[in-house]
Amino acid sequence: MTRVLLVEDEPQLVRALRINLRTRGYEVEAAPDGRTALDLAARRHPDVVVLDLGLPDMDGVEVIEGLRGWLSVPIIVLSARHASEEKVRALDIGADDYVTKPFGMDELLARLRAAVRRAAPAEQAAVVETATFTVDLAAKKVLRDGREVRLTPTEWNILEVLVRNAGRLVGQRSLLREVWGPAYEKETNYLRVYLAQLRRKLEPDPARPRHLITEPGMGYRFER
1 MTRVLLVEDE PQLVRALRIN LRTRGYEVEA APDGRTALDL AARRHPDVVV LDLGLPDMDG
61 VEVIEGLRGW LSVPIIVLSA RHASEEKVRA LDIGADDYVT KPFGMDELLA RLRAAVRRAA
121 PAEQAAVVET ATFTVDLAAK KVLRDGREVR LTPTEWNILE VLVRNAGRLV GQRSLLREVW
181 GPAYEKETNY LRVYLAQLRR KLEPDPARPR HLITEPGMGY RFER
């Protein structure tokens, strides 16, 4: 069942969308503001996000930026903003489609189906190999020199997020939200400690990492 995260603060529209989506077999989670949306996305891992830009606590563009730090699923913007520059900004920052209010339910559902079809990924490799170690995402194991590397649950969670986003920057706040939750978004010292531990266990030269790369002031990236 496709999971939809609906980020909208108009109760009547939320009810209408929830009914229409559930009738067509979608699972729906609703968030009335940006912070709730980021929290739900981290915990529930939606397959597609339908997002209003006019939220009570933050601009929807900020939510897109927060999601795009680690989440690659389609984001469809709903907005009463008709200016072309608003659409361009949302699309440039990471939205996949833009639907202006008022809209027809059939049109929105068609765009939703199309976005989900386009995003259907090729099967992600369960085993990711580097020159130094191998990550088995299905078995939740790491092997180095033929032996299993003992990782703590937190170390594994960090490594899994980075490996699943191989080659892409994962922002500090996004990684903290994903592993510890939204209340820990500013605890960047946690990441420094745990990345140092992972490098000692996995990198051939922890002082000059080849696979677990720090992008100063921004986040981290996994490279094979």
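Here the sequence shown is numbered in UniProt numbering, starting from 1 and rising by one per residue.
Backbone N, C-alpha and C fix where the C-beta goes; we use that ideal spot for every residue, glycine too.
Local conformation of residue i per DSSP, three classes
i	result
Asp136	strand
Thr154	helix
Val149	coil
Asp96	coil
Glu185	coil
Ala31	strand
Thr23	helix
Arg15	helix
The beta strand (DSSP E) enclosing residue i, as first and last residue numbers
i	result
Ser79	75-79
Lys141	141-144
Asp92	Note, Asp92: premise wrong, no beta strand (DSSP E); alpha helix (DSSP H) at 84-93.
Ala131	Careful: Ala131 lies outside any beta strand (DSSP E) and carries neither H nor E.
Glu10	Element bounds for Glu10: n/a, residue is neither H nor E.
Arg68	Where Arg68 is concerned, there is no enclosing beta strand (DSSP E), although the alpha helix (DSSP H) it sits in stretches over 60-68.
Top-ranked residue by Cα proximity to residue i, from the options
i	options	result
Leu91	Lys101, Ile75, Gly104	Ile75
Arg147	Val135, Glu155, Trp156	Val135
Glu215	Trp180, Val179, Gly171, Arg208	Gly171
Val28	Arg35, Met58, Asp47	Asp47
Pro102	Ala80, Asn189, Val161	Ala80
Arg22	Met1, Thr188, Val88, Gly34	Met1
Leu162	Phe222, Gly60, Leu5, Val7	Phe222
Gly219	Leu176, Tyr184, Arg208	Leu176
Arg173	Glu65, Arg200, Leu143, Val193	Glu65
Trp180	Gly167, Trp156, Leu169	Trp156
Beta-carbon proximity of residue i to residue j, cut-off 9 angstroms
i	j	result
Lys71	Val99	Rather than Lys, the amino acid found at residue 71 in this sequence is Leu. Going by C-beta atoms, Leu71 is not nearer than 9 angstroms to Val99.
Leu109	Arg15	no
Pro182	Asp39	yes
Ala37	Leu55	yes
Leu195	Ile158	yes
Gly34	Val73	no
Thr130	Gln197	no
residue 234	Val49	The displayed coordinates of the chain run from 1 to 224. Any statement about residue 234 would go beyond what the structure contains.
Unbroken alpha helix (DSSP H) run spanning residue i, endpoints
i	result
Asp106	105-119
residue 227	Only positions 1 to 224 of the chain appear in the structure, and residue 227 is not among them; the question remains open.
Asp39	34-44
Glu178	172-179
Environment of residue i [buried if 16+ CB atoms lie within 10 Å]
i	result
Asp205	exposed
Gly69	buried
His82	exposed
Ala42	buried
Tyr113	According to the sequence shown, residue 113 is Arg rather than Tyr. When all chains shown are included, Arg113 counts as exposed.
His211	buried
Ser84	exposed
Beta carbon proximity, residue i to chain B, threshold 9 angstroms
i	result
Pro182	In the displayed structure, chain B is absent; only one protein chain is listed.
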